[in-house]
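Down below is the structure, laid out as structure tokens.
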Amino acid sequence: MKIECTPDLAEMRPAIRRFVTDRLDPLTRRIDETGEVPPEALAEMRSQGYLGMRLPEQFGGGGFDLATYCLVQEEVARSHRIYTVMMDATSGLTPIAITRHGTQAQKDKYIAKIASGEWLASFGLTEPEAGSDAAALRTSATRVDGGWKINGLKHFISGAHRAEVVMVIALTDPKLRARGGITAFLVDKGTPGMEITRVDKTIASDPIQLAEIRFDDCFVPDSAVLGEVGQGFKIAMGSLTAGRMGVSAACIGAADKLLELGVAYAKDRVTFGQPLSERQSIQWMLADSATELALARSLAYETLRRIDAGEDVPTGTSMTKLFCSEMVGRVADRVLQIFGGAGLIRGVPVERFYRDIRHYRIGEGSSEVQRMLIARALFKE
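Its first residue numbered 1, the sequence shown is counted upward by one per residue in the UniProt record's numbering.
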């Protein structure tokens with residue numbers, strides 16, 4: 001069942017697929033073997049314009065819309081999740097926030113280098129007491145002569161140890177909090193008082209790492225404030241549409257590749273004199289996976305179409321992210337079951353996909369948060 005977002009994007013897909021197969025897949029095998037991302041990966045992504053895709057052309061970005069960005073996310077996710085992380089570090093929340101809310105000086109300083117991949121950016125929101133409940137953060141920024149002093153702890157911050165700049169969300173007015181008491185700051189790597197205190201490996205592939213950042217009287221000048229003082233919560237929440245749709249696209253791409261692997265293995269694997277593909281239980285696993293994947297694509301592409309048309313999609317992105325992230329989990333589980341013992345072995349792509357996709361039901365708003373937002377909207381209606 002062929003489902004495409006638009007005819008123009010459908011024409012782009014084969015070229016992106018060839019690039020992923022010919023250039024990224026060989027690097028993916030090296031990543032699986034070594035646990036490290038080779039420098040060529042960033043260079044290959046840069047050569048195709050997949051870094052800084054959504055940043056303005058005048059700064060060296062691609063100037064592409066969200067749907068095009070999501071198409072590329074979908075295709076590179078068929079190879080390895082680290083490629084979607086690299087795209088997010090140059091076109092995700094922090095780069096887009098600087099583009100939308102930054103001063104001219106901030107744009108001149110950061111955007112071109114991020115767009116080229118020379119610099120990577122990270123987003124510092126989550127804390128031990130503030131994850132899904134973002135407004136409960138405790139990291140504070142106190143005004144001092146000439147700027148601000150930041151104190152607190154951030155953890156589970158994706159790629160912060162590799163980033164040249166971190167957008168730090170801090171409390172500037174405890175009484176107002178999310179109603180005007182939270183501010184965004186751009187904090188450069190090496191700023192005194194900011195320290196990467198721990199880097200955690202996750203359930204996912206080795207390169208997918210989360211950092212802990214401690215701030216101890218970390219001084220930043222007034223020029224480090226992104227947007228207006230007190231508008232940090234709005235800036236952070238303003239990325240939710242793109243973030244959820246990017247995750248949804250990556251889930252679709254991973255599920256598509258897993259289904260492909262499952263079908264191929266079922267054809268080749270013979271047990272008791274018959275290929276697995278002739279067994280009804282296996283057929284139904286694959287049929288259910290194909291059906292759910294088609295539904296996910298339809299929902300995601302329709303939501304992207306409405307976003308592109310300027311329509312309001314208050315719960316559309318939550319529904320899309322919820323369904324796509326849970327869909328890919330079910331597909332991965334079925335395909336690993338089809339592979340049997342072979343699916344449990346490190347170095348087999350199915351095993352790595354199974355671990356990598358588990359993050360999607362937690363990051364960018366957990367499934368429970370998405371359900372809460374959807375239900376809240378229903379009660380308002």
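Glycine included, C-beta positions come from ideal geometry on N, C-alpha and C.
Could you give the residue range of the alpha helix (DSSP H) that holds R306?
Q280 to D308
Can you tell me whether L176 is buried or exposed? The criterion is at least 16 other CB atoms within 10 Å of its CB, across all chains shown.
With fewer than 16 other CB atoms across the displayed protein chains lying within 10 angstroms of its CB, L176 is exposed.
Counting along the chain, where does the beta strand (DSSP E) carrying S140 start and finish?
S140 to V144
Start and end residues, alpha helix (DSSP H) containing A121:
That residue, A121, is in no alpha helix (DSSP H); its beta strand (DSSP E) goes A121 to G124.
So the candidates are D268, V76 and D133; which of them puts its Cα closest to the Cα of L125?
D133
Span separating the alpha-carbon of F353 from that of D173:
Rounded to whole angstroms, the gap between the alpha carbons of F353 and D173 is 43 angstroms.
Residues that M167 bridges to, as DSSP identifies them:
F123 and L186
Would I96 and A242 be called neighbours here (beta carbons separated by less than 8 angstroms)?
yes
Would you check if the distance between the CB atom of P221 and the CB atom of G147 is smaller than 8 angstroms?
Against a cut-off of 8 angstroms, the Cβ pair of G147 and P221 comes out as a contact.
Use the C-beta contact count for residue 382: other C-beta atoms within 10 angstroms, 16 or more gives buried, fewer gives exposed.
Absent from the model: residue 382. The displayed extent of the chain is 1 to 381, so no value can be given.
Tell me the DSSP secondary structure of C5 in three-state form.
Per DSSP, reduced to three states, the secondary structure at C5 is coil, with no helix or strand assignment.
Check each candidate in G152, S140, I213 and A105 and name the one with the smallest Cα separation from S158.
Proximity to S158 across G152, S140, I213 and A105 peaks at I213, based on C-alpha coordinates.
Under 8 angstroms, with one C-beta from each stretch per pair, do the segment 249-269 and the segment 73-90 reach the 3-pair mark?
Judged by Cβ distances under 8 angstroms, the segment 249-269 makes contact with the segment 73-90, as three or more pairs qualify.
Kindly list the residues whose CB is nearer than 7 angstroms to the CB of L304, restricted to its own chain and excluding five residues on each side of it in sequence; keep chain order.
C5, L66, A67, C70 and M245
Leaving aside the five residues before and after A377 along the sequence, list all residues of the same chain whose C-beta is less than 7 angstroms from its C-beta, in chain order.
P314 and T315
Does the count of Cβ pairs from the segment 11-18 and the segment 339-354 closer than 8 angstroms reach three?
no
How is L210 classed by DSSP in three states: helix, strand or coil?
strand
If you follow the beta strand (DSSP E) that E195 is in, where does it begin and where does it stop?
M194 to K201
Consult DSSP for K175 and reduce its assignment to one of helix, strand or coil.
Per DSSP, reduced to three states, the secondary structure at K175 is coil, with no helix or strand assignment.
Can the beta-carbon of I114 be found less than 8 angstroms from the beta-carbon of L55?
yes
Decide if the segment 37-52 is in contact with the segment 116-124; the criterion is three or more beta carbon pairs, one per stretch, under 8 angstroms apart.
yes
I'd like to know if the segment 26-35 and the segment 265-281 are in contact, where contact means that at least 3 CB-CB pairs between them fall below 8 angstroms.
no
Complete runs of the beta strand (DSSP E) confined to the segment 40-83 [at least 3 residues]:
If only complete runs of 3 or more residues are kept, the segment 40-83 shows no beta strand (DSSP E) anywhere.
Anticipated Cβ contact below 8 angstroms, A136 with K149, distance rounded
No, A136 and K149 are not in contact; Cβ-Cβ is about 21 angstroms, not under 8 angstroms.
DSSP three-state call for T191: helix, strand or coil?
coil
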